[in-house]
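Numbering-wise (this note's numbering), the sequence shown opens with residue 6 and increments by one. Yeah, the Cβ is synthetic: ideal placement off N, Cα and C, and Gly gets one too.
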Amino acid sequence: MAKTCGASVIKLALIIINLVFLVLGCVVIYVGYNLVDINIQAPGAFTLADINFKSISWVVLATGVIIVLIAAFGFFGSCCESSAMLNLYGFLLIALIAAQIYVVVRSIKSNDNIEEKIRTGILDAINKMNNNTKTKLVLQEIQSKLKCCGWNGVSDYKKEILASCCDQWKDGDDPGKLCDGSSYEDGCKSKFEFLTKYLGSSTAIGIVAILIQLVLIFAACCLARDF
């Protein structure tokens with residue numbers, strides 16, 4: 006067995022690497038969860054920016070879950086010396102790599118302009134809200150949930166300041182309700198800066214994972230042949 010493909014060494018390597026991938030999958034799940042959370046908290050921001058962020062965030066989360074499940078197949082397949090599980094593991098890795106390439110490409114494209122699109126969307130909405138009830142409602146919801154005002158701060162409002170800038174607006178209130186007190190000091194920019202960090206992290210993790218998984222496919226096939 007050891008002469009054919011270094012089966013004992015490959016088995017140990019697969020066990021260790023798949024344990025690492027279990028941890029990696031949990032990290033991706035954490036990143037995906039935070040992306041989904043911000044989409045739930047402020048969906049209007051992505052609507053203003055004309056970004057389908059919901060699909061991106063859920064794909065990242067789903068990819069993390071799939072990584073954990075596939076790593077479990079590789080771990081137990083190696084431990085139990087099951088050729089069937091290892092063959093299935095190799096097949097699933099190929100499918101996972103395809104999904105990860107999609108996530109990496111989307112992350113690279115989004116990472117460069119997503120924050121800029123949100124900035125433009127919010128500032129344009131503030132400048133053009135006037136009597137547009139729908140636009141006012143979206144801004145009220147964003148600022149109320151994220152507890153911020155404008156993009157850079159209250160200075161973005163040239164005339165009327167919405168009530169959500171002063172923590173005086175809640176769901177069901179008039180979208181046109183205005184602020185009559187002190188406003189939040191922070192703009193909403195700080196609430197979205199982490200997007201670049203998370204998307205950058207998912208891109209880097211995805212690239213490393215793809216390279217390692219290509220090696221794992223070869224190793225799993227060799228080990229399955231020896232069992």
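* For the 8 angstroms Cβ check, are there 3 or more pairs between the stretch 94–107 and the stretch 208–228? -> Two segments are said to touch when three or more pairs of C-beta atoms, one from each, lie closer than 8 angstroms; by this definition the stretch 94–107 touches the stretch 208–228.
* To do: Examine the Cβ distances between the stretch 208–217 and the stretch 160–176 and report whether three or more of them are shorter than 8 angstroms.
  => Contact between the stretch 208–217 and the stretch 160–176 is absent: fewer than 3 CB-CB pairs across the two stretches fall below 8 angstroms.
* Asked: To the nearest angstrom, how far is it from the Cα of K182 to the Cα of L167?
  -> For the purposes of this step, residue 182 is taken as the residue at position 177 of the sequence shown. For the purposes of this step, residue 167 is taken as the residue at position 162 of the sequence shown. For the pair K182 and L167, the Cα-to-Cα distance works out to about 6 angstroms.
* Residue of A18, V143, K164 minimising C-alpha distance to I123 -> Translated into the one-based positions of the sequence shown, residue 123 becomes position 118. Nearest C-alpha to I123: V143.
* To do: Below 7 angstroms CB to CB, which residues in the same chain sit around A76 once its five sequence neighbours on both sides are set aside?
  => If you number the sequence shown from 1, residue 76 lands on position 71. Setting aside the 5 residues that flank it on each side, A76 is surrounded in the same chain by N23, F26, L27, G30, each with a C-beta closer than 7 angstroms to its C-beta; the list follows chain order.
* Asked: Should C84 go down as buried or exposed, given a rule of 16 or more other Cβ atoms within 10 Å for buried?
  -> The count along the sequence shown starts at 1 and reaches residue 84 at position 79. Around the CB of C84, fewer than 16 other CB atoms lie within 10 Å, so the residue is classed as exposed.
* To do: Can you say whether K164 is buried or exposed, counting buried as having 16 or more other CB atoms within 10 angstroms of its CB?
  => By 1-based counting over the sequence shown, the position of residue 164 is 159. Flag for K164 reads exposed.
* **Short Cβ contact (8 angstroms threshold) for Y162 with I127** => The count along the sequence shown starts at 1 and reaches residue 162 at position 157. The count along the sequence shown starts at 1 and reaches residue 127 at position 122. Their beta carbons are not under 8 angstroms apart, which means Y162 does not touch I127 by this criterion.
* Taking 8 angstroms as the cut-off, decide whether the C-beta atoms of Q148 and C193 are in contact. => Position 143 of the sequence shown, counted from the first residue, corresponds to residue 148. Position 188 of the sequence shown, counted from the first residue, corresponds to residue 193. Yes, the Cβ-Cβ distance between Q148 and C193 is below 8 angstroms.
* Spatial neighbours of K139 within its chain, please: CB distance less than 6 angstroms, with the 5 preceding and 5 following residues excluded, ordered by chain position. => By one-based count along the sequence shown, residue 139 stands at place 134. There are no such residues.
* What residue from I45, G82, I61, L74 has the CA that sits closest to L17's CA? -> What you label residue 17 is simply residue 12 of the sequence shown in a count that begins at 1. Taking only the C-alpha atoms, the option nearest L17 is G82.
* With a CB to CB cut of under 7 angstroms and the five nearest residues on each side skipped, what residues in its chain are close to K196? -> As a working mapping, residue 196 is identified with position 191 in the sequence shown. Result list for K196: L151, C153, in chain order.
* To do: Compare the C-alpha of R230 against each of A209, W63, A89 and name the closest.
  => Indexing the sequence shown from 1 puts residue 230 at position 225. With distances taken between CA atoms, R230 lies nearest to A89 out of A209, W63, A89.
* Complete runs of the alpha helix (DSSP H) confined to the stretch 91–175 [at least 4 residues] -> Counting whole runs of 4 or more residues, the stretch 91–175 contains the alpha helix (DSSP H) stretches 138–151.
* Beta carbon of V32, beta carbon of V64: below 8 angstroms? -> Mapped onto the sequence shown, residue 32 falls at position 27. Mapped onto the sequence shown, residue 64 falls at position 59. No, Cβ-Cβ distance for V32 and V64 is not below 8 angstroms.
* Asked: Smallest Cα separation from D191: which of G177, L19, G155?
  -> Position 186 of the sequence shown, counting from 1, holds the residue named residue 191. With respect to the C-alpha of D191, the residue from G177, L19, G155 having the closest C-alpha is G155.
* Asked: Can the beta-carbon of L101 be found closer than 8 angstroms to that of I61?
  -> The residue given as residue 101 occupies position 96 in the sequence shown. The residue given as residue 61 occupies position 56 in the sequence shown. Here L101 is not near I61, since their CB atoms are 8 angstroms or more apart.
* To do: Look up L24 in the DSSP assignment and give the residues it is bridged to.
  => Taking the first residue of the sequence shown as position 1, residue 24 is located at position 19. None, per the DSSP bridge assignment.
* Any idea if V110 is buried or exposed, counting beta-carbon neighbours within 10 angstroms, 16 or more meaning buried? -> For the purposes of this step, residue 110 is taken as the residue at position 105 of the sequence shown. Residue environment for V110: exposed (fewer than 16 other C-beta atoms within 10 angstroms of its C-beta).
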